[in-house]
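Participant: Chains as they are written, first to last, in the working numbering: chain A, 39 to 533; chain B, 1008 to 1379; chain C, 114 to 621. From the three backbone atoms N, C-alpha and C, an ideal C-beta is built for every residue, glycine too. Predicted, not measured: the structure shown is a model, and the values here were computed from it. Starting off with a structure, shown below.
So, in structure tokens, the structure goes:
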């Protein structure tokens, strides 16, 4: 026989491997790791679950709202649902649509580049919203009397402020995104984000109403309303409807007398998962809480990674007294059980979502710092760093271009676990009553389920608890799959 | 089965590897053939040097003798490894795990390349040596310690009474390797497998360790399979040389024959690429230019009839035998007395039948040289 | 090793200072600042009682000082090493020290040129003075001083208000704070217009304020003199008499509960430690064999199944576990097999220690069994998470060590697989397990906060949460201090164990 592969087809020799026979071509590091992750059914299921939670986070105000979809008064139809959306709701929806449009098609720029552009856009838009809200509230508190006097200023403010902030951030992000793509493309992208963000914020300047008197008005015949899928809003409390078990209809909950006044289609509306201590529908709360869980996970972990990697890199590169000093700080954060620190912080600081994100991020950075420091110590003495220094590259360049990409790998592998931990922390804090006020949260629902006396409200434990469990499990499974893909020693070891 | 030195028949080999083939499971692709048709034999008080570059299968061959190859990914495809003892010979590949355990450390011992990581860092050196002794000899712990002292003295570790309580990290590299050797020899094995024992050490220590091994070989009547890629070590220490490439033996003969008259182009390339002190050259010869030279492959006697050295980077010759031999398209043939070369199994080669000898050299250097 | 331990213990001090400083600053950041819980809402109090209250707070906590100074004051109270004269312990347990200096009323420079020093009267105890009479005399003096001070503060406040009215009248609004207080800079740059009626009111009030101030500092001096005559026994042990001494740390008094903090902690700490230590031991007992099993059967269905179990347990939120345990296992709606709250039955004090059978054959639990029964569910909730994490770590360490070179050597020597596993692999795997101490212990302390809440166990976690909710500053700081110290000690223990287990580490 004159075959070039004389060995039986079921085995290859080393020489054949070197010639490229019987061996798959290698992908890039992360691409290879990611493709291995996708081979695991557990990881795929986890990604699917997180995608579902993300979709609900975006669509919650549309699926579950106490404001009717349409409302007809004297022949004129308006949409209270849309009128009462906040700017964050609208921007999230736009972002969701853009993400789907950009990431799904197979052709075009590599997915990682598209993803990076989207992430930058999200940060830019988010920063615009947050800064605008913060400055606005500070302004209105300080200068409320003057504002009321000057009508012109009051009228211009809703436009001037968002535009100013959006432009500022646009310039910032234009500079920050220098490594990517051409100037024209970046300018167009950043400008579009700025315009969209500023526009939505201005348009949605007035705060949404928290008044839910539609049913009474319907019963009185004043209006005609149709509702969305789940016709309850998170803030819609009712003293007579607390702790209703799942499946109770509105009519049953309110009692005969009140139910008689409702139109029949309203009386038949069910609380699919029951209600909580204040009469709010559980399913609605759970859907709206998706937003909190996703944002806490991502934002807190990002803050923690940024802080941790910076400090770790400084420690690792300089060593000496910088390391000594900074490591004492790391030790301080390691010495105190984190939950204690968070309880104190959450207890004394203003209780809103952004503050919570920041404090969780500011407290959980030690892991990333230690990883980075260890990697940098290892890398410092490696040859490629020595050669960079001998050629005379400046410190900044060595740190960012050479050491950081290598040193950050364990941190990124750990990122998924860090997100899971952040979500768990938020759930615990909300459970203890220290979570953000006026923001639906799975943990807070959980805390309503028991008290020392009284009945166990199982629906307030099982459903929100399952949501927390599945989300945390999903991130942990993805983290495991990623870690196994990157560190194969563990998987292939045989005893 | 306690080993006894010197009582074994000098005229029969202690260990015979016959047509060994080992492959490994690669997960997603086809199995990887690490060793494919290796033959060699070792006689008592003989040093067989197995030479080759990384990945040629030398370690796998040695580890197979002790069934140390992890078996779910690894698999013995065919062949036998015969250990000859007082009661006759036994195929090591067919023994059960508990039977192997009696042989390991007892009849056959192995030392490895990295002495630091090869010693358990949390136990004292004494614990680890006496562990080997207590496993195979019916002695009390006190007696075992005495044997350990003796072993340490034999390998040249000063003050064994004090150092026996030390931990591995408290020794230098050379000392650690001596500890490994003491551990290996505590039960006086008949065969020592040394897998690149001096590669991790510096040159002066290297010399000491090799000298030690030779000395022990003489005193204990041991055989040594010395795996190395350092031809200088081979020249100094080996009696018989076995050159391997890509899982097969390409040349086999006494150290003098192989060095003075290398027949396979690869061996020629190896030897030609050694820089010689006192020689003036503009550039060194590479192995590659030798093995890419077609002329080298037609230099063997019988080349016109289709006798051609086996080389995996070449396509198989057109006149391959229709019926593949036990090792497929390759065969190890005795070209000249006591000198084997790995060949393509062409029609000409196959025609000579199975009548040729298997590699079997009872040659020992010191027997040939006059005693100093 | 001894020097290493001492060095570590000494290094703990800056770390604890760092932790408490962090918490102190956090509390200072909160609305209301560091004095929030202390400044009891006293809107309805009349001026003098409020002034008295303020005087007491000011004296004890120095609430008008910068935050860093306040922290320093707390630190010196808490530190066992004390500088200056030793405090004295009154019969009621409170500590007496020299009262702080009082500031003269703001604007005094416009009323008089010089402040007279305090009039010091010499003092000595009468010969027949007893403990009680000394106590009574001192308390009377203390009271006198407190009253004088309160009056002085009240008068000074009125003076300041009149001053600000005057300043507004002369269009010098910029020197007046929004709260009515006067900027000291006004005093330097302006000469009062003595003709204005506002000034005359102010001047009259000012003279009165100065008189009260004088009286107050006189009383203060008397109190100091009396204190120096040592009416009570001194606290602690002197090292350099008059300068340095060692005494028990004073953790303060819980404002919300009006009890000394040290008592509260002494009640709560053993409970938390009990729960956590039991949980800790259990975790190691079950996780290590489980991890070893998973490693030994690596790749088989058992390993995969165990791996899935570990991830699931690890992801299970602790509040959910506690709530489900209480809801389904403890409450009477469902299984009702376990107690719902607390660590002891309400009648536990009447139980015998061991289980007994009464004559009619009824089973009585006994104190021991009752405690164990109550402790079951909380400990279970604390254990499952740590079990999952430690099992995974054990498995990983075993597998990693199984591929080590020395295992190959051991096999080459002929060691049996079981001995390879236990003597070689496991012994080396101990090291990362000890290192895991460092993450499991703090995590468990955190977890016990939630569990104590759910199961109504009066431990440190519950104490901390109540302290936060009530803004009880002393309690928050003290709990943080104790928890931080316990944590650091546990970490030190882990390091010592590691040094003992790994001969490569030497701390000489």
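Give a yes or no on whether 8 angstroms exceeds the smallest Cβ distance from residue 1026/B to chain A.
Facilitator: Closer than 8 angstroms: no.
Participant: I'd like the span of the beta strand (DSSP E) that includes residue 1366/B, first residue to last.
Facilitator: That residue, residue 1366/B, is in no beta strand (DSSP E); it is neither H nor E in DSSP.
Participant: Could you name the residues that DSSP lists as bridge partners for residue 1048/B?
Facilitator: Partner(s): 1023/B.
Participant: Quick check on residue 322/A: buried or exposed, where buried means 16 or more other Cβ atoms within 10 Å of its Cβ?
Facilitator: Per the 10 Å Cβ criterion, buried.
Participant: Hey, could you find the ends of the alpha helix (DSSP H) residue 365/A is sitting in?
Facilitator: Here the alpha helix (DSSP H) through residue 365/A covers 358-373.
Participant: Going by DSSP, what residue range makes up the alpha helix (DSSP H) through residue 1078/B?
Facilitator: Element bounds for residue 1078/B: n/a, residue is neither H nor E.
Participant: Report the residue from 284/A, 255/A, 159/A and 270/A whose alpha carbon sits nearest the alpha carbon of residue 224/A.
Facilitator: If we check each option's Cα against that of residue 224/A, 159/A comes out closest.
Participant: Residues in the same chain with beta-carbon distance under 7 angstroms from residue 613/C, minus the five sequence neighbours each way, listed in chain order, please.
Facilitator: So no residue of the chain qualifies.
Participant: Buried or exposed, going by whether 16 or more other CB atoms sit within 10 Å of the CB of residue 1023/B?
Facilitator: Looking at its Cβ environment, which holds 16 or more other Cβ atoms inside 10 Å, residue 1023/B is buried.
Participant: Would you kindly report the start and end of the unbroken alpha helix (DSSP H) that includes residue 142/C?
Facilitator: Its alpha helix (DSSP H) spans residues 115-142.
Participant: So, is the C-beta of residue 73/A closer than 8 angstroms to a C-beta in chain B?
Facilitator: By this cut-off, residue 73/A is not an interface position.
Participant: When DSSP builds the beta bridges, which residues end up paired with residue 1252/B?
Facilitator: In DSSP, residue 1252/B forms a bridge with 1255/B.
Participant: Using the three-state DSSP reduction, which class does residue 1105/B fall into: helix, strand or coil?
Facilitator: Note: residue 1105/B maps to helix in three-state DSSP.
Participant: Would a check of beta-carbon distances place residue 192/C closer than 8 angstroms to chain A?
Facilitator: Cβ-Cβ to chain A under 8 angstroms: no for residue 192/C.
Participant: Given a cut-off of 8 angstroms, decide if residue 525/C and residue 1073/B are closer than it, judged by their beta-carbon atoms.
Facilitator: Cβ atoms of residue 1073/B and residue 525/C: closer than 8 angstroms.
Participant: Establish whether the CB of residue 1072/B and some CB of chain C are separated by less than 8 angstroms.
Facilitator: Not one chain C Cβ lies under 8 angstroms of residue 1072/B.
Participant: On a Cα-Cα basis, can you pick out the residue from 259/C, 579/C, 557/C and 329/C that is closest to residue 367/C?
Facilitator: Taking only the C-alpha atoms, the option nearest residue 367/C is 579/C.
Participant: Using 8 angstroms as the threshold, is the stretch 129-139 of chain C in touch with the stretch 183-202 of chain C, meaning 3 or more CB pairs across them?
Facilitator: These segments touch.
Participant: Does chain C have any CB closer than 8 angstroms to the CB of residue 1316/B?
Facilitator: Closer than 8 angstroms: no.
Participant: Note down, in chain order, all residues in the stretch 525-549 of chain C with a beta-carbon under 7 angstroms from any beta-carbon belonging to chain B.
Facilitator: Per Cβ criterion, the list reads 525, 526, 527, 528, 529, 537, 540 and 541.
Participant: Give me the Cα-Cα distance between residue 376/C and residue 201/C, rounded to the nearest whole angstrom.
Facilitator: Taking the straight line from one Cα to the other gives about 19 angstroms.
Participant: Check whether chain B comes within 8 angstroms of residue 522/C, counting only Cβ atoms and requiring the distance to be less than that.
Facilitator: So, interface residue.
Participant: Residue 1158/B and residue 1136/B: beta carbons closer than 8 angstroms?
Facilitator: Contact flag set, yes.
Participant: State the Cα-Cα distance for the pair residue 389/C and residue 1173/B, rounded to the nearest angstrom.
Facilitator: Residue 389/C and residue 1173/B: Cα-Cα distance of roughly 39 angstroms.
Participant: Along the alpha helix (DSSP H) that carries residue 575/C, what are the first and last residues, could you check?
Facilitator: Looking at the DSSP string, the run of the alpha helix (DSSP H) that includes residue 575/C is 573-582.
Participant: Anyone know if the C-beta pair for residue 292/A and residue 477/A falls short of 8 angstroms?
Facilitator: No, the Cβ-Cβ distance between residue 292/A and residue 477/A is not below 8 angstroms.
Participant: How would you write the range of the alpha helix (DSSP H) that residue 541/C sits in, first residue to last?
Facilitator: 540-567 is the extent of the alpha helix (DSSP H) around residue 541/C.
Participant: What runs of the alpha helix (DSSP H), each 4 residues or longer, lie entirely inside the stretch 196-255 of chain A?
Facilitator: Within the stretch 196-255 of chain A, the complete alpha helix (DSSP H) runs of at least 4 residues are 221-241.
Participant: Establish whether the CB of residue 133/C and some CB of chain B are separated by less than 8 angstroms.
Facilitator: Residue 133/C does not count as touching chain B.
Participant: Is the beta carbon of residue 290/C sitting closer than 8 angstroms to the one on residue 322/C?
Facilitator: Not in contact: residue 290/C and residue 322/C (Cβ atoms no closer than 8 angstroms).
Participant: What separation, rounded to the nearest whole angstrom, lies between the Cα atoms of residue 129/A and residue 86/A?
Facilitator: So the two alpha carbons sit approximately 23 angstroms from each other.
Participant: Give the list of continuous beta strand (DSSP E) stretches no shorter than 3 residues that lie fully inside the stretch 1127-1209 of chain B.
Facilitator: With a minimum length of 3 residues, the continuous beta strand (DSSP E) runs that stay inside the stretch 1127-1209 of chain B are 1198-1202.
Participant: Between the beta-carbon of residue 311/A and the beta-carbon of residue 501/A, is there less than 8 angstroms?
Facilitator: Against a cut-off of 8 angstroms, the Cβ pair of residue 501/A and residue 311/A comes out as a contact.
Participant: Any idea which residues DSSP pairs residue 313/C with across the strands?
Facilitator: According to DSSP, residue 313/C bridges with nothing at all.
Participant: Going by the DSSP bridge assignment, what does residue 225/C pair with across the sheet?
Facilitator: For residue 225/C, which the question treats as bridged, DSSP gives no partner whatsoever.
Participant: Among residues of its own chain, excluding the 5 on either side of residue 405/A, which ones have a beta-carbon nearer than 6 angstroms to its beta-carbon?
Facilitator: Closer than 6 angstroms at Cβ, skipping near neighbours: no residue.
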